[in-house]
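Numbering (our numbering), first residue to last: 12 to 671.
Read the structure below first, then the notes.
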Amino acid sequence: MLAANSVRLLDEALLARENSHLAELQALYGASLALPLAERDYVRLTSLVAQLARQKDMSYLVLRDETGRVVAAEGRDPLAPLPVPVLDFAQLPREAVRFDGMVTLRLGEREVGSAHFGIDTRFLRQASANLLWQSTAIGWAALVLTAVLLAFVSYWLMRNLRVLQQGVAALESGAADVRLPAGGNDEIGRLTRAFNRMAQALDERVEALKKSEARFHAIADYTYGVEAWFNPRGRLIWINRSVERITGYAPLECLLSNSLVDMLVFEKDRKLALEVALKALRGSSGDNFEVRLRRKDGSIVWTVINWQPIHGPQGEYLGLRVSGDEIQARKEAELKLLDTVVELRRTQALKEYYLTVSNEERARLDALLNVMKIGVLFVDGNQRVVYFNDAMRDICQLPRDENLIGLRDSGMLDRTAHLRSDDAGYRQHVEEVLASGTEISEPYEIPFRDGRIVTDTSALVPGDKPGRHIGRVWIYEDVTRQKQLEAQLVRLAERDPLTNLYNRRRFHDEIGRIIADASRRKSQAGLLAIDLDGFKPINDEFGHQAGDAVLVRLAEEVGAIVRRNEIFFRIGGDEFAILAPDADEEEMIGLARRVGGKVADMRFKFAGREVQLTASLGIALYPKHAADSEEMIARADSAMYQAKMGGKNRWAIYGGAKLH
12 MLAANSVRLL DEALLARENS HLAELQALYG ASLALPLAER DYVRLTSLVA
62 QLARQKDMSY LVLRDETGRV VAAEGRDPLA PLPVPVLDFA QLPREAVRFD
112 GMVTLRLGER EVGSAHFGID TRFLRQASAN LLWQSTAIGW AALVLTAVLL
162 AFVSYWLMRN LRVLQQGVAA LESGAADVRL PAGGNDEIGR LTRAFNRMAQ
212 ALDERVEALK KSEARFHAIA DYTYGVEAWF NPRGRLIWIN RSVERITGYA
262 PLECLLSNSL VDMLVFEKDR KLALEVALKA LRGSSGDNFE VRLRRKDGSI
312 VWTVINWQPI HGPQGEYLGL RVSGDEIQAR KEAELKLLDT VVELRRTQAL
362 KEYYLTVSNE ERARLDALLN VMKIGVLFVD GNQRVVYFND AMRDICQLPR
412 DENLIGLRDS GMLDRTAHLR SDDAGYRQHV EEVLASGTEI SEPYEIPFRD
462 GRIVTDTSAL VPGDKPGRHI GRVWIYEDVT RQKQLEAQLV RLAERDPLTN
512 LYNRRRFHDE IGRIIADASR RKSQAGLLAI DLDGFKPIND EFGHQAGDAV
562 LVRLAEEVGA IVRRNEIFFR IGGDEFAILA PDADEEEMIG LARRVGGKVA
612 DMRFKFAGRE VQLTASLGIA LYPKHAADSE EMIARADSAM YQAKMGGKNR
662 WAIYGGAKLH
């Protein structure tokens, strides 16, 4: 009974020891494997699993992650199903040769996986059998020795395990530089050294994580733009310090806000911002969303927002990354640019309107100039043709399809030189006009070879500034018909319409001119006054047509004997006169005889009757008989009446008593 009790006690002691050992192993596994498993450091996990599985009496060690996937295994096929774990050694059947245990690995409150292990228990069964067999022989000695050994072993094991347990607890609490004194080379010593290496590795990793986290915060907090992280439910879980620069709100104020949209977004933009936020939280990405924010001081600032979803290693949706930056200056520039564009468009519209009006005015002016019979030629400041109308083409006989725009004015003169009778004279006239700089030139007559007469007048075209001119306009007018009409009017005004002889008006002009010329040259001039004898009876008896025929014939035949320097006039009715410049008394007597003889020799036949005329002639000389034209006319008339009173058909000299 004592032996059985001793065996029972020994079994219980061994079970207690193994359960304690089991607890220490579970703590060790949790401390050494949880962090690498959370970091997915599979290389480190494989090394640790291999090292832990090599401990004495360990059959296998299998490590699973939180999803149940095997990430490391030692001593067992990772694909083979794992046996059902036993909570402690007390539940292990007697016939079992292996203890199958399991420990859940946690990092803080988070479950990161599990470790499955097997411990060979055959040494327990062997020890129990040996003790039972030897207990009968050794009796109380064995019992005492067992008790002593158990006490010593328990003390020795528990001392080191308590230290190890304290180290594990320190690691769990987050303490740094946790190191345990290494004992001998037994399992506890090796486990302690393994713990120290694990603690050192953890310290190094934690330090690296701290440095990495510090770098991340340095980058994130000092990023110029706003960076924020929203969880899948739209709750802000992190934001950098740039939000305070842009909005005036500190990061903590943003984190504590129940609604960032209501706190930050301008009232008129909130509805659109909420719609965009809902779409973004469904996992979509977007960029260049412009929205107005209300700063803490109440001012409005324009910002641009970009966002994209964040996914974990397994593709799980972790939330939304939002980036933002201030674009107030750019927006103000855009608004200013928009105002500028609007102003430019308005200006462009005005320019187009004025251009249309200008083109219409130009078209009307062009139509007006083209219907005019006056030729118009515009020449710019470089003496090049910029415009000419159809009348100009017609006057210069230029083809309608020939383009002369850009031709120099000298080239234009060359093109029309064959038309002018005096081309050299006209070119000199043009040079004088251009050299003088006269604003408006006097009309200049250009005789053409075909008999036409064209006048030109030019004027400077004023520019936009006083004293500045942009060219010259030349006006050409075909005055051939006008000259013809003028000549005809002159003829009608100075000539007798019946006989085509100069009339009384021209007579008075010429006698004044001849006397003035004679007075200037100290020469003489003579006047022969003629009055027809018997003209009135012909006119009364045979009619005015007969009288007109007599006058016309007399003008022709007497005009034929008048010399080139002598001028024949019809003064009126049947009165005629001849002015003879530079004529003396003898020459005037000869003229009177020729005229009197010619008239006397003329015969007319009217109504079957032959009719004859004679003439009474009076001679007056300048300066012998008169000092001016009126006096000379009076003296000649006096001599003519003297001849008529003396019997007609004779001539007399003023102041002479003799008739001829």
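Backbone N, C-alpha and C fix where the C-beta goes; we use that ideal spot for every residue, glycine too.
If you count every other CB in all the chains shown that lies within 10 Å of the CB of residue i, and 16 or more means buried, which is it?
i: residue 288; result: buried
i: residue 393; result: exposed
i: residue 702; result: Residue 702 falls outside the range modelled here, since the chain spans only 12 to 671, and no answer is possible.
i: residue 514; result: buried
i: residue 95; result: exposed
i: residue 85; result: buried
i: residue 47; result: buried
i: residue 576; result: exposed
i: residue 127; result: buried
i: residue 640; result: buried
i: residue 357; result: exposed
Among the options, whose alpha-carbon lies nearest the alpha-carbon of residue i?
i: residue 105; options: 140, 112 and 121; result: 140
i: residue 330; options: 300, 336, 313 and 296; result: 296
i: residue 466; options: 384, 547 and 474; result: 384
i: residue 441; options: 421, 432 and 458; result: 421
i: residue 216; options: 273, 51 and 202; result: 51
i: residue 120; options: 49, 62 and 165; result: 49
i: residue 388; options: 627, 468, 318 and 601; result: 468
i: residue 557; options: 651, 36 and 615; result: 615
i: residue 109; options: 101, 321 and 129; result: 129
i: residue 64; options: 621, 78 and 83; result: 83
i: residue 459; options: 24, 221, 414 and 436; result: 436
Looking at the secondary structure, which residues open and close the beta strand (DSSP E) in which residue i lies?
i: residue 440; result: Here residue 440 belongs to no beta strand (DSSP E); instead the alpha helix (DSSP H) covers 434-447.
i: residue 130; result: 121-131
i: residue 542; result: 536-544
i: residue 623; result: 620-623
i: residue 389; result: 386-391
i: residue 76; result: 69-76
i: residue 578; result: 578-583
Which residues in the same chain as residue i place their Cβ atom closer than 6 Å to its Cβ, once the five residues preceding and following it in sequence are excluded?
i: residue 643; result: 538, 631, 633 and 637
i: residue 647; result: 538, 540, 629 and 631
i: residue 241; result: 247, 330 and 331
i: residue 434; result: 428
i: residue 439; result: none
Which residues in the same chain as residue i place their Cβ atom closer than 7 Å to its Cβ, once the five residues preceding and following it in sequence are excluded?
i: residue 509; result: 559, 562 and 563
i: residue 198; result: 66 and 67
i: residue 342; result: 313
i: residue 654; result: 627, 628, 629, 661, 662, 663 and 670
Helix or strand or just coil, what does DSSP make of residue i?
i: residue 636; result: coil
i: residue 89; result: coil
i: residue 235; result: coil
i: residue 157; result: helix
i: residue 648; result: helix
i: residue 594; result: coil
i: residue 483; result: strand
i: residue 106; result: coil
i: residue 469; result: strand
i: residue 38; result: helix
i: residue 268; result: coil
i: residue 315; result: strand
i: residue 501; result: helix
i: residue 659; result: coil
i: residue 298; result: strand
i: residue 665; result: coil
Locate the alpha helix (DSSP H) running through residue i, then write down its first and last residues.
i: residue 253; result: 253-258
i: residue 329; result: Where residue 329 is concerned, there is no enclosing alpha helix (DSSP H), although the beta strand (DSSP E) it sits in stretches over 328-337.
i: residue 310; result: Taken as a continuous stretch (DSSP letters only), residue 310 belongs to no alpha helix (DSSP H), as it is neither H nor E.
i: residue 191; result: Segment: none, residue 191 is in no alpha helix (DSSP H) and carries neither H nor E.
i: residue 57; result: 53-64
i: residue 421; result: 420-427
i: residue 450; result: No alpha helix (DSSP H) contains residue 450, which DSSP labels as neither H nor E.
i: residue 248; result: First-last for residue 248: 247-250, but that is the beta strand (DSSP E), not the alpha helix (DSSP H).
i: residue 614; result: Element bounds for residue 614: not the alpha helix (DSSP H) but the beta strand (DSSP E), 614-617.
i: residue 569; result: 555-572
With a CB to CB cut of under 8 Å and the five nearest residues on each side skipped, what residues in its chain are close to residue i?
i: residue 206; result: 39, 42, 43, 175, 178, 179 and 191
i: residue 323; result: 329
i: residue 62; result: 205
i: residue 603; result: 539, 628, 630, 662 and 671
i: residue 568; result: 609 and 613
i: residue 549; result: 557, 558, 561, 615, 617, 622 and 624
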